[in-house]
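Residue numbers (this note's numbering), protein chains in the order written: chain A, 559 to 776; chain B, 559 to 776.
There are 2 protein chains.
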Amino acid sequence: MTADTANQENASRDRIEQTILSAAEQVFSQHGYRGASLQAIADQAKLPKANILYYMGSKQALYVRLLNRMMSRWNAVLEDITAESDPGQVLSDFIRTKMVLGQRYPEGSKLFAAEILAGAPFLKEYLSGELKEWVASRAAIIRQWSQQGKMDDVDPRWLIFLIWSATQHYTEYSAQVTGILGETALSDADLTSICEFLEHVILKGCGIARTAPAHAIL
Amino acid sequence: MTADTANQENASRDRIEQTILSAAEQVFSQHGYRGASLQAIADQAKLPKANILYYMGSKQALYVRLLNRMMSRWNAVLEDITAESDPGQVLSDFIRTKMVLGQRYPEGSKLFAAEILAGAPFLKEYLSGELKEWVASRAAIIRQWSQQGKMDDVDPRWLIFLIWSATQHYTEYSAQVTGILGETALSDADLTSICEFLEHVILKGCGIARTAPAHAIL
DNA sequence: GATTGTTCTGACCGATCGGTCAATAATGTT
DNA sequence: AACATTATTGACCGATCGGTCAGAACAATC
């Protein structure tokens with residue numbers, strides 16, 4: 559097997575795997591782990607069911623792979639902040655980044671939500687391990703900001719949860735939001751408006767003076 | 559059939575139905591409509607599977623009944639506000655009421671969340687009908703508050719979504735929250751702290767002066 | 001062109017799915 | 001006591017579940 563053919567074959571395999579992963583993400587995100595069937599995933603991917611298992615091994619392996627893929631997309635968020643960072647800038651970016659991530663990977667976000675709703679059977683140790691440490695370290699920095707008088711003395715954990723929930727809402731509850739707004743999908747204008755609203759309320763609510771002007775989200 | 563025996567029979571039937579509804583709420587809330595099985599519900603209720611169908615007719619009828627039951631619990635919220643109401647008091651109550659409802663009916667809340675995640679197949683017309691009108695009318699009143707200078711000129715729809723998402727988060731993402739906090743469940747102290755945080759940030763963020771002092775949630 | 005390894009898939013497996021039904025038991029009603 | 005109604009449930013139905021497997025189809029190497 560030459561390097562060329564190896565690349566070709568791997569490329570072909572990758573393409574098929576991406577097709578399957580994408581189809582599976584849609585089905586799992588709508589119906590959760592138990593509610594999703596391999597047949598539905600196969601239909602979505604326009605492949606025979608046996609083909610799904612040939613590439614992914616088992617339903618569980620496919621699901622775990624999707625969860626990991628979604629996790630890896632979150633890694634960069636809030637990674638490089640310090641006690642010297644500007645809270646307004648950081649929280650502003652945080653809100654926008656989370657909002658963009660949700661709009662970019664709606665199925666992945668819903669998949670994650672469904673997993674948590676089910677009691678996080680596959681993510682328990684991640685939540686109480688990696689993610690717990692992540693929150694604790696970010697919270698420590700936010701607390702320093704408060705002590706420096708840069709912002710009000712609010713519980714940083716509740717602040718992080720607030721931003722998570724407020725931004726995730728528009729992807730995970732998109733069916734509710736669009737139903738209430740009477741639109742089929744959120745427009746760019748909506749998204750910009752939402753971002754500005756969240757920045758206004760959260761920054762002002764935390765006693766942070768706005769430093770940077772609002773800019774378009776997309 | 560005398561009035562007495564009628565009451566007795568109805569009481570017995572009601573008791574069994576409540577047992578089934580409660581069991582079904584747990585199973586549906588964890589696994590969604592498709593992921594839940596009548597056998598799992600029967601096991602949870604400690605009844606034969608055929609008994610579930612005898613009382614509820616079908617899986618779908620049982621599910622719809624649960625959805626309606628959950629909806630009816632929401633009716634009183636924000637019902638009697640006017641342009642003359644005090645925004646601080648109203649929003650404060652709104653936050654607390656939603657928080658209490660979520661803690662009181664965690665399974666029902668998760669059930670609702672799972673339904674929305676799946677694209678709201680059974681609630682589409684409710685969302686774009688009743689609920690849409692509800693939001694529109696509340697939004698109109700909030701807009702009047704802004705015009706009267708009682709609060710900042712924020713989009714009332716985003717404000718309503720913000721309060722929904724921020725409060726629901728603690729019931730629907732309880733697996734994530736408790737995992738991160740390292741607790742098995744949210745304590746009363748946590749809940750009080752969260753309520754005070756949300757009131758502080760949202761009211762201040764909307765430019766509303768706090769009128770009433772914070773009081774214990776439970 | 002024969003050989004080898006990978007990809008692909010229809011056919012099939014036992015288990016479980018939602019739902020039906022007949023038989024039995026319990027409970028009124030007269 | 002006789003009868004009618006309701007409650008209960010094991011057995012069963014066709015369909016679908018996740019997963020296996022043998023073999024056909026395909027591709028690369030010699």
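We put the CB at the ideal spot given by N, CA and C, even for glycine. Computed from a predicted model, the values in this text were never measured in an experiment.
Starting from residue i and walking both ways along the alpha helix (DSSP H), at which residues does that stretch end?
i	result
Leu-659(B)	645-662
Asn-633(B)	Element bounds for Asn-633(B): n/a, residue is neither H nor E.
Pro-714(B)	714-730
Gln-602(A)	596-603
Ile-578(A)	561-593
Glu-748(A)	Before going on, a small fix: residue 748(A) reads as Asp here, not Glu. Start and end: 746-763.
Lys-690(A)	690-705
Leu-611(A)	607-614
When you compare the CB positions of residue i and residue j, do they come within less than 8 Å of one another, or not?
i	j	result
Leu-685(A)	Glu-673(A)	no
Gly-666(B)	Glu-583(B)	yes
Gln-702(A)	Ala-767(A)	no
Val-759(B)	Ile-639(A)	no
Ala-608(B)	Ala-581(B)	no
Leu-720(A)	Ala-598(B)	no
Ile-718(A)	Val-735(A)	no
Ser-587(A)	Leu-669(A)	yes
Phe-509(B)	Asp-711(A)	The requested residue 509(B) does not occur in the structure, where chain B is confined to residues 559 to 776.
Ala-698(A)	Arg-715(A)	no
Leu-624(B)	Leu-675(B)	no
Ala-757(B)	Ser-650(B)	First, the residue type needs correcting, since residue 757(B) is Glu and not Ala in the sequence shown. Going by C-beta atoms, Glu-757(B) is nearer than 8 Å to Ser-650(B).
Since residue i contacts residue j with CB under 8 Å, what's their CB separation in whole angstroms?
i	j	result
Tyr-591(B)	Tyr-621(B)	6 Å
Gly-593(A)	Gly-593(B)	3 Å
Cys-753(A)	Ile-610(A)	About 38 Å separates the two Cβ atoms, so there is no contact after all.
Lys-690(B)	Gly-737(A)	7 Å
Whose Cβ in chain B lies nearer than 7 Å to the Cβ of residue i?
i	result
Phe-755(A)	Val-712, Asp-713 and Trp-716
Lys-690(A)	Gly-737, Ile-738 and Gly-740
Gly-707(A)	Result: empty, since nearest Cβ-Cβ is about 16 Å, beyond 7 Å.
Ala-724(A)	Leu-720, Ser-723 and Ala-724
Ala-671(A)	Leu-675
Glu-730(A)	Leu-675
Lys-668(A)	Leu-675
How would you list, in chain order, the residues of chain A whose beta-carbon sits under 8 Å from the beta-carbon of residue i?
i	result
Lys-682(B)	Ala-733 and Gly-737
Leu-685(B)	Ala-733, Gln-734, Gly-737 and Ile-738
Using the beta-carbon of each residue, which ones in chain B are nearer than 8 Å to residue i?
i	result
Ala-678(A)	Ala-733, Gln-734 and Gly-737
Lys-617(A)	The premise fails here: Lys-617(A) is roughly 12 Å from chain B at the closest Cβ pair, so nothing lies under 8 Å.
Check the Cβ of residue i against every Cβ in chain A and list those closer than 9 Å, keeping chain order.
i	result
Val-759(B)	Asp-710, Val-712, Trp-716, Leu-717, Leu-720, Val-759, Ile-760, Lys-762, Gly-763 and Cys-764
Glu-637(B)	Near Glu-637(B) there are no residues of chain A at all, since even the closest Cβ is about 17 Å away, more than 9 Å.
Val-693(B)	Ile-738 and Leu-739
In chain B, which residues lie with their C-beta within 9 Å of the C-beta of residue i?
i	result
Gln-588(A)	Gly-590, Arg-592, Leu-675, Ala-676 and Gly-677
Whose Cβ in chain A lies nearer than 7 Å to the Cβ of residue i?
i	result
Ile-752(B)	Trp-716
Looking at C-beta atoms only, is the number of pairs between the region 713-730 of chain A and the region 647-661 of chain A that lie closer than 8 Å three or more? yes
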